[in-house]
Amino acid sequence: MPATWLTEARLAGQSDALMDVEITNGLISAIEPHVVARFDDGAVLNLGGWLLAPSLAEPHAHLDKALTAELVPNPNGDLIGAIDAWTEASAAGLITHDGIVERAKAAMDLLLVHGVTAVRTHVNVLEAVGASAVVALREAAAAFEGVLDVQIVGLVGFPITGTEGAGTRAALAEALEVGLDLVGGCPHLDPNGLGLIDLALEAATEAGIGIDFHVDEVLDPSMLSLRDFAKRVIDTGFAHPVTASHCVSLGLQTPEVQAEVAALVAEADMSIVPLPQTNLFLQGRDQPTATPRGLTAVAALQEAGVNVAAGGDNVQDPFNLVGRSDPLETAALMVMAGHQLPSDAYDMVSGNVRKALSLPPVSLTVGSPADLMAIDAPSVRGAMADAPMSRRVFRRGKLVASADQTTVVHRAS
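Okay, so the sequence shown: first residue is 76 according to the numbering used here, each after it adds one.
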């Protein structure tokens, strides 16, 4: 297969020298100083001095709910209000198979054009709906085969243990038959959180897949199921990837408790995913004084060596009324609200996500998969600050999305 050249690029994190990047069979095969003309058998795409960086990735989406803010209003604006609004809309027949498929495809289009080549989405698996949403997401994801890596987490309802949980357990079994990449759930919301953790570990072990839980999405310092989750993973020797998302209450603990739990999380080899957009929207509404930020203990986790990736979570639905489907927005919030340096924040929406998703790492080096984003920005920091929509997105060297932003300022003469 002939090589493809991306020419006249500035490589993120390196000097401003213009470079040419050769891609062969989906991998970066050469990086050389720019020359004015390249005459070979391959295709040439001139980037005109744009910044070239590893592509973005989304570790935590809800594509079965995306883009429903008008369809499913949440006048309360809090988490329980969002859950109730979604339950009522489902019962009223507003959430249909075709609707989920079309909105999920639209949401994936938005992710792609913003630079995302991999996404993990949580999908409701409930007694009332069974695996129907999983079926819809599988259909939507099939339209992006070879363009976007899509992982589906079965977000099981509660309760799931005991007699009352029989319907939820049946829904999980059905979803596993349809095809899940990971088992999910909310231990902090289940009346038997430890039971949910144990059941999920058992089901995931039998299926040979990982776990990604919503954990401690509350501002209650007495709730710390992350500690129990990490201990269970360690004690059982669970052999598949593990992620805990949100982990808000860890940010309310003393430094000593944060360090203790972070050490357990590191021992369990878990990835942690803070979700600034949705937790800034949902959390702290009843605390008008010293309102908390709704983020986990990012610094303590990083100091313990935990892989921390950041996600956008909900986008324009009852759990988050806004959101751009752009990880650069997430990264900027991790700079502002999470006190991260821009380069670290970019890693949190790129390389760290790929690690959490067990995908091959991407770097601007020979031999790396050519999952890349070119953007009309001076630097990674500038890309986060301005979020320009002039972008080119490549998956394994293939151009999969592009956007061009035109700006005109009409000054007074």
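Heads up, the beta-carbon is just placed ideally off N, CA and C, and yes, glycines get one too.
Computed from a prediction, not measured in an experiment: that's the story for all the values here.
Checking the sheet assignment: what are the DSSP bridge partners for residue i?
| i | result |
| --- | --- |
| MET464 | DSSP lists no partner for MET464. |
| MET345 | VAL317 |
| GLN226 | ARG195 |
| ALA141 | DSSP, once it has assigned bridges, lists no residue as partnering ALA141. |
| TRP161 | In the DSSP output, where bridge partners are listed per residue, TRP161 has none listed. |
| PHE469 | LEU447 and LEU474 |
| ASP392 | ASN395 |
| LEU201 | GLY205 |
| THR79 | ILE98 and ALA118 |
| ASN382 | SER346 |
| LEU86 | LEU127 |
| VAL231 | VAL200 |
| GLU220 | Bridge partners of GLU220: none, in fact. |
| ALA136 | THR196 and ASP388 |
In terms of residue numbering, what span does the alpha helix (DSSP H) encompassing residue i cover?
| i | result |
| --- | --- |
| TRP125 | Unbroken run through TRP125: none, as it is neither H nor E. |
| ASN267 | Where ASN267 is concerned, there is no enclosing alpha helix (DSSP H), given that its DSSP letter is neither H nor E. |
| THR243 | 241-253 |
| VAL410 | 402-411 |
| VAL258 | Per DSSP, VAL258 belongs to no alpha helix (DSSP H); it is in the beta strand (DSSP E), 257-259. |
| MET423 | 417-423 |
| PHE356 | 351-357 |
| MET183 | 172-188 |
| GLY442 | Here GLY442 belongs to no alpha helix (DSSP H), and DSSP marks it neither H nor E. |
| VAL428 | 426-431 |
Can you find the residues in the same chain that come closer than 6 angstroms, C-beta to C-beta, to residue i, ignoring five residues on each side of it along the sequence?
| i | result |
| --- | --- |
| THR143 | ASP392 |
| VAL228 | HIS197, LEU257, GLY259 and ASP287 |
| VAL332 | none |
| SER443 | ILE103 and VAL437 |
| ASP451 | TRP125, PRO463 and SER465 |
| MET345 | VAL317 and ALA319 |
| VAL441 | ILE103 |
| VAL308 | VAL317 and ALA343 |
Which word fits residue i, buried or exposed, when buried means at least 16 other C-beta atoms lie within 10 angstroms of its C-beta?
| i | result |
| --- | --- |
| LEU408 | buried |
| GLU277 | exposed |
| ARG486 | exposed |
| GLY237 | exposed |
| THR192 | buried |
| THR371 | buried |
| ALA245 | exposed |
| LEU264 | buried |
| VAL455 | buried |
| VAL111 | exposed |
Could you give the first and the last residue of the continuous beta strand (DSSP E) run that contains residue i?
| i | result |
| --- | --- |
| PHE313 | Careful: PHE313 lies outside any beta strand (DSSP E) and carries neither H nor E. |
| PRO108 | 102-108 |
| ASP287 | 285-290 |
In chain order, what residues of the same chain have a beta carbon less than 7 angstroms from the beta carbon of residue i, not counting five sequence neighbours either side?
| i | result |
| --- | --- |
| THR311 | LEU276 |
| ILE284 | LEU255, ASP256, LEU257, VAL258 and HIS315 |
| ALA476 | LEU187, VAL188 and VAL468 |
| LEU269 | ASP303 |
Are the C-beta atoms of residue i and some chain B residue less than 9 angstroms apart?
| i | result |
| --- | --- |
| PHE304 | Annotation note: the requested chain B is absent from the structure, which comprises a single protein chain. |
Note down, in chain order, each residue of its chain lying with its Cβ closer than 8 angstroms to the Cβ of residue i, except the 5 sequence neighbours on either side.
| i | result |
| --- | --- |
| GLY124 | GLU83, ALA84, ARG85 and LEU93 |
| ALA282 | LEU251, LEU255 and VAL258 |
Can you find a heavy atom of the ligand ZN that lies under 8 angstroms from the Cβ of residue i?
| i | result |
| --- | --- |
| LEU81 | With respect to small molecules bound, the structure shown includes none, and the ligand ZN cannot be examined in it. |
task = Specify whether the segment 381-397 and the segment 341-354 touch according to this definition: at least 3 beta carbon pairs, one from each stretch, less than 8 angstroms apart.
result = A contact exists between the segment 381-397 and the segment 341-354.
request  = Check whether the segment 397-408 touches the segment 92-109, counting contact only when three or more Cβ pairs, one atom from each stretch, lie closer than 8 angstroms.
outcome  = Taking a contact to require three or more Cβ pairs closer than 8 angstroms, the segment 397-408 and the segment 92-109 do not qualify as touching.
key: Cβ contact (3+ pairs, closer than 8 angstroms) linking the segment 116-134 and the segment 78-96   = Short answer: they touch.
query = Does the count of Cβ pairs from the segment 137-152 and the segment 90-99 closer than 8 angstroms reach three?
reply = Touching, no.
task = State whether the segment 246-255 contacts the segment 291-300, with contact taken as three or more CB pairs (one from each stretch) at a distance under 8 angstroms.
result = With a cut-off of 8 angstroms, the segment 291-300 and the segment 246-255 do not count as touching, because too few Cβ pairs lie within range.
query = Do the segment 298-306 and the segment 333-344 make contact, defined as three or more Cβ pairs closer than 8 angstroms?
reply = Flag = yes, the segment 298-306 and the segment 333-344 touch.
request  = For the segment 453-468 and the segment 162-169, state whether three or more C-beta atom pairs, one from each stretch, are separated by less than 8 angstroms.
outcome  = Taking 8 angstroms as the limit for Cβ pairs, the verdict is that the segment 162-169 does not touch the segment 453-468.
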